[in-house]
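Participant: Protein chains in written order, with this note's numbering: chain Z, 3 to 115; chain B, 698 to 809.
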């Protein structure tokens, strides 16, 4: 079952912050985050493996709450280059999870001047 | 250029045609994947190969047939497709499973 992302779309002015959420109905082993610009390949941002872990990538960071089965992506002081569609990909933990990565429907982010 | 190369970039085929999509990576990755990306839908996992062995077939119709001759190359053979199979087909690789994926730019497939 695919994870649910929110919001579906967001428009920011340059310098503003945003949070994108990803929730799963199943126990998670890992969460991936990717960004895809129009007409381009999705680009890997980060992977979170442990409950409560937080990782950072320049001004983009993420948290993973294993108990709540959710992850959040934080974009601070947004730049025009942050525009694109953000996807979370979840790997289910436990028996049968294997290496199957299931992606959310995506969040369209647009940063304007 | 991401390190994962897909050819062709665009493909138009009739429902009775047979064609193949090619994916190549020289990143030294051991896992390779096929995903389907349709408009307004999430990325759908199709197949997973780990060290050339297929480890996942996500209930994909038999008109899609994958082939992985070695860890650097992945093919998707197509035959008697339907118009609803029109989509962007993305190949990805990772050093091993549960590592971040490197995606190719995809093949835009149109079935007429």
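Here a beta-carbon is modelled for each residue, glycine too, at the ideal position from N, C-alpha and C.
Counting Cβ pairs, one atom from each stretch, are 3 or more of them under 8 Å apart for the segment 708-726 of chain B and the segment 76-91 of chain Z?
Facilitator: no
Participant: Using a Cβ-Cβ distance under 9 Å, would residue 786 of chain B count as near chain Z?
Facilitator: no
Participant: Could you check if residue 754 of chain B is buried or exposed, using at least 16 other CB atoms within 10 Å of its CB as the buried criterion?
Facilitator: exposed
Participant: Nearest to residue 66 of chain Z by alpha carbon, out of Z:111, Z:24, Z:12?
Facilitator: Z:24
Participant: Measure the beta-carbon distance from residue 50 of chain Z to residue 61 of chain Z and round it to whole angstroms, keeping in mind my assumption that it falls under 8 Å.
Facilitator: Residue 50 of chain Z to residue 61 of chain Z, Cβ: 17 Å. No contact.
Participant: Taking the continuous beta strand (DSSP E) assigned at residue 726 of chain B, which residues delimit it?
Facilitator: First-last for residue 726 of chain B: undefined, no H or E at that position.
Participant: Keeping to the same chain, check which residues put their C-beta closer than 6 Å to that of residue 112 of chain Z; ignore five residues upstream and five downstream.
Facilitator: 13, 85
Participant: Within 8 Å, do at least three Cβ pairs link the segment 759-769 of chain B to the segment 26-44 of chain Z?
Facilitator: no
Participant: Does the Cβ-Cβ distance between residue 778 of chain B and residue 806 of chain B come in under 9 Å?
Facilitator: yes
Participant: Secondary structure at residue 778 of chain B, three-state DSSP: helix, strand or coil?
Facilitator: In this structure, residue 778 of chain B counts as coil in the three-state DSSP scheme.
Participant: Please name the residues in the segment 792-807 of chain B whose beta-carbon is closer than 9 Å to at least one beta-carbon of chain Z, in chain order.
Facilitator: Against chain Z - using a Cβ distance shorter than 9 Å - the residues of the segment 792-807 of chain B are 793, 794, 795, 796, 797, 798, 799, 800, 801, 802, 803.
Participant: Please state whether the Cβ-Cβ distance between residue 798 of chain B and residue 703 of chain B is less than 9 Å.
Facilitator: no
Participant: Look at the alpha carbon of residue 773 of chain B and the alpha carbon of residue 17 of chain Z, and state the distance between them as a whole number of angstroms.
Facilitator: 43 Å
Participant: If you check the beta carbons only, do residue 94 of chain Z and residue 104 of chain Z fall under 9 Å apart?
Facilitator: yes
Participant: From the DSSP output, in three-state form, read off residue 756 of chain B for me.
Facilitator: Reduced to three states, the DSSP call for residue 756 of chain B is coil.
Participant: Run through DSSP, which three-state label would residue 796 of chain B get?
Facilitator: coil
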